[in-house]
Amino acid sequence: MTEKTDKKEVTVIMKRKKLRYLFLAALLVCSMTGCENTKTQNTDAANQEETGASAAGKETETGENTEPVTSEKEEEPAEPEEILEENVQEEAEEENAESAETPVEEAQEGGIIVLYVPNDNADGWDICESEISQISPDAIIGQLVGAGVIVDSVTVQSFAEEAEGASLILKLDLSENFAEGLRSMGSAGEILVMGAVVNSFLDTYGADGIQITAGGNAIETGHTIYEGTLSHMSE
């Protein structure tokens, strides 16, 4: 009875140990399986992140390549200060252009025109005075045309009165045909006609000298060159 009992106890103990080993083995297998799953999940997550990063990089590269390349720099609009400077410069240029033109004096209110007309002997001038409502260079030339001193096609191109120190100097520019008429005359007739214009303007305006040009140029004939300031002429 004792040996049978001992054998049973030994058998029970062996079974318990065997079950314990099986239990431990099962735990070990489960544990290893869980680690493998965790490792797999971590690997998959890492792969997904790497795949997303690669896709993002490709999109960035694609976006940079698809952006339009501008070969020329767009012209920037002018600043208000630049526009203002351009306007000021244009106005200054216009003022300079206007000042470069020979000024024409306006007609004076009524006065006396002193007119020099060559006499019948062609050795001097007859002096005539006439009152007129407006004194102007055109009026004096018109009176000389009416008296037959110069041809009616001669016109005034420009006229100005300028002070040079204490002296009053007139500047008269006539049409080119005035010089042509002088060239067609002899020396005596030329002096009488030029003297009639010079003296009539000097006496009418009370001036000290006059510069007469034709077409903007000094008058040159076969006898004389009329340049610079001319004073009162005598026979």
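Numbering-wise (the numbering used here), the sequence shown opens with residue 17 and increments by one. Every residue, glycine too, gets a C-beta built ideally from N, C-alpha and C. No experiment lies behind these values; they were computed from the predicted model shown.
Strand pairing of residue i, partner residues [DSSP]
{"i": "residue 229", "result": "189 and 234"}
{"i": "residue 164", "result": "DSSP lists no partner for residue 164."}
{"i": "residue 131", "result": "144"}
{"i": "residue 241", "result": "236"}
{"i": "residue 183", "result": "180"}
Residue span of the beta strand (DSSP E) that contains residue i, given as start and end
{"i": "residue 250", "result": "That residue, residue 250, is in no beta strand (DSSP E); it is neither H nor E in DSSP."}
{"i": "residue 142", "result": "141-151"}
{"i": "residue 174", "result": "172-180"}
Cβ neighbours of residue i in the same chain (closer than 6 Å, five flanking residues each side left out)
{"i": "residue 305", "result": "For residue 305 there is no data in the structure shown, the boundaries of the chain being 17 and 251."}
{"i": "residue 127", "result": "151"}
{"i": "residue 149", "result": "126"}
{"i": "residue 227", "result": "187 and 245"}
{"i": "residue 225", "result": "185, 245 and 247"}
{"i": "residue 223", "result": "184 and 186"}
Cβ-based burial, residue i [other Cβ within 10 Å; buried from 16]
{"i": "residue 157", "result": "buried"}
{"i": "residue 137", "result": "exposed"}
{"i": "residue 179", "result": "exposed"}
{"i": "residue 206", "result": "buried"}
{"i": "residue 214", "result": "buried"}
{"i": "residue 234", "result": "exposed"}
{"i": "residue 182", "result": "exposed"}
{"i": "residue 247", "result": "exposed"}
{"i": "residue 86", "result": "Low confidence applies here, because residue 86 scores a pLDDT of 49, under 50, leaving its location unreliable and the question unanswered by this model."}
{"i": "residue 118", "result": "Residue confidence for residue 118 is low, a pLDDT of 43 falling below 50, so the modelled location carries little weight; the figure read from the coordinates is stated next. With fewer than 16 Cβ atoms within 10 Å of its Cβ, residue 118 is classed as exposed."}
{"i": "residue 232", "result": "exposed"}
{"i": "residue 71", "result": "Its pLDDT being 48, under 50, residue 71 is placed unreliably in this model, and the value from its coordinates should be taken loosely. Label assigned to residue 71: exposed."}
Extent of the continuous alpha helix (DSSP H) to which residue i belongs
{"i": "residue 220", "result": "203-221"}
Proximal residues to residue i (C-beta, below 7 Å), its chain only, five neighbours per side dropped
{"i": "residue 203", "result": "239"}
{"i": "residue 133", "result": "141, 142, 144, 163, 165 and 212"}
{"i": "residue 130", "result": "143, 145, 216, 219 and 220"}
{"i": "residue 199", "result": "237 and 238"}
{"i": "residue 153", "result": "172, 175 and 188"}
Cβ shell of residue i (< 8 Å), same chain only, five flanking positions each side left out
{"i": "residue 135", "result": "141 and 142"}
{"i": "residue 167", "result": "161, 193 and 197"}
{"i": "residue 209", "result": "134, 165, 166, 197, 198 and 201"}
{"i": "residue 114", "result": "Bear in mind that the predicted position of residue 114 carries a pLDDT of just 49, short of 50, making it unreliable; the figure below should be weighed with that in mind. Cβ neighbours of residue 114 beyond the five flanking positions: none."}
{"i": "residue 250", "result": "211"}
Are there three or more Cβ pairs, one per stretch, closer than 8 Å when the region 142-150 is compared with the region 185-199? no
Hey, is the region 233-251 in contact with the region 159-168, meaning 3+ C-beta pairs nearer than 8 Å? no
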